[in-house]
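Structure first, then comments.
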Amino acid sequence: MKESAARRRWLLGLIGLAALGLWIAVAPMIADNLVVDRPLEKADAIVILSGAADYLQRARGGAEAFQEGIAPRVMITDDNQRGGWDDNEKGNPYFVDRMQTALVAHGVPSDVIERIPGQVAGTADEAEDVILTASQRSYRSVLIVTSDYHSRRALWTFERIARKQNADLNIGLLRSPSGDKYPDRYTWWLTPRGWRSVGAEYLKFCWYWLYY
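Residue numbers for the sequence shown, in our numbering: 8 to 219.
Written out as structure tokens, the structure is:
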């Protein structure tokens, strides 16, 4: 009996190690599947999606695209969320204000930055507002700027809603900042932020696929 119990423990341990090894091998692919790029050489506007935790990264990516001459204007969305205390502002600025400040700090002139009308509660709201604004202005193309792990769902959502609205709009996507990934593709599953960025993104994608 003791030998049989020891054998079972050894076998379970071996299975556990094999499962862990398989997960370690698969985890980077799970993260990478969320990441897409669709560069545009030229666009009518660069549109930076709101994102409280990632607004600095997205601002930097949008500023880089503007400085490369991809588009003459930068548009930002407003999620109506406030950040932490700011000593300079003596208050808790909205993230849309922080985004605009960050863009100016990265060299984007304030007179080419525009807030898209309306407040948004998610990526679908952003897509609807951006596509409506683009249609009203007869834009032919926009370059969306967002974070790595948000990129696939963002592009899918914009294309889906553009089709529903019969919008003839070329949609590009830049993940920001170029080459940066946080959390790391290998170790994302070891941190709560990793699960919020990668694990939760799959749940959101499933919801969007079912709802939109």
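Beta carbons: idealized from backbone N, C-alpha and C, even for Gly.
**Asked** In this structure, what does DSSP give as the bridge partners for Glu-121?
**Response** The residue labelled residue 121 in the question sits at position 114 within the sequence shown. In the DSSP output, where bridge partners are listed per residue, Glu-121 has Met-82.
**Asked** For Arg-271, which residues from the same chain have a beta carbon less than 8 Å from its beta carbon, with the 5 sequence-adjacent residues on both sides left out?
**Response** Residue 271 lies beyond the stretch modelled for the chain, which goes from 8 to 219, so this question has no answer here.
**Asked** Between the C-alpha atoms of Tyr-215 and Gly-20, what's the straight-line distance to the nearest angstrom?
**Response** The residue labelled residue 215 in the question sits at position 208 within the sequence shown. The residue labelled residue 20 in the question sits at position 13 within the sequence shown. Spanning the two alpha carbons is a distance of roughly 39 Å.
**Request:** Leaving out five residues on either side along the sequence, give the residues of the same chain with a beta carbon under 8 Å from the beta carbon of Val-205.
**Result:** Position 198 of the sequence shown, counting from 1, holds the residue named residue 205. Ile-37, Ala-38, Leu-41, Tyr-156, Pro-190, Trp-195 and Trp-196.
**Message:** Classify Ile-31: buried if its beta carbon has 16 or more other beta carbons within 10 angstroms, exposed otherwise.
**Reply:** Taking the first residue of the sequence shown as position 1, residue 31 is located at position 24. Looking at its Cβ environment, which holds fewer than 16 other Cβ atoms inside 10 Å, Ile-31 is exposed.
**Asked** With 16 other CB atoms within 10 Å as the buried threshold, where does Gly-58 fall?
**Response** As a working mapping, residue 58 is identified with position 51 in the sequence shown. When all chains shown are included, Gly-58 counts as buried.
**Item:** Which listed residue (Ser-117, Val-119 and Glu-135) has its alpha carbon closest to that of Gly-125
**Value:** The sequence position of residue 125 within the sequence shown is 118, counting from 1. Considering only alpha carbons, the answer is Glu-135.
**Prompt:** Looking only at DSSP bridge pairs, what is Ala-52 linked to?
**Reply:** Position 45 of the sequence shown holds residue 52. Ala-52 pairs with Val-149.
**Message:** Could you pull the DSSP bridge partners for Leu-210 from this structure?
**Reply:** In the sequence shown, residue 210 corresponds to position 203, counting from 1. The partner list for Leu-210 (beta bridge, DSSP) is empty, contrary to what the question assumes.
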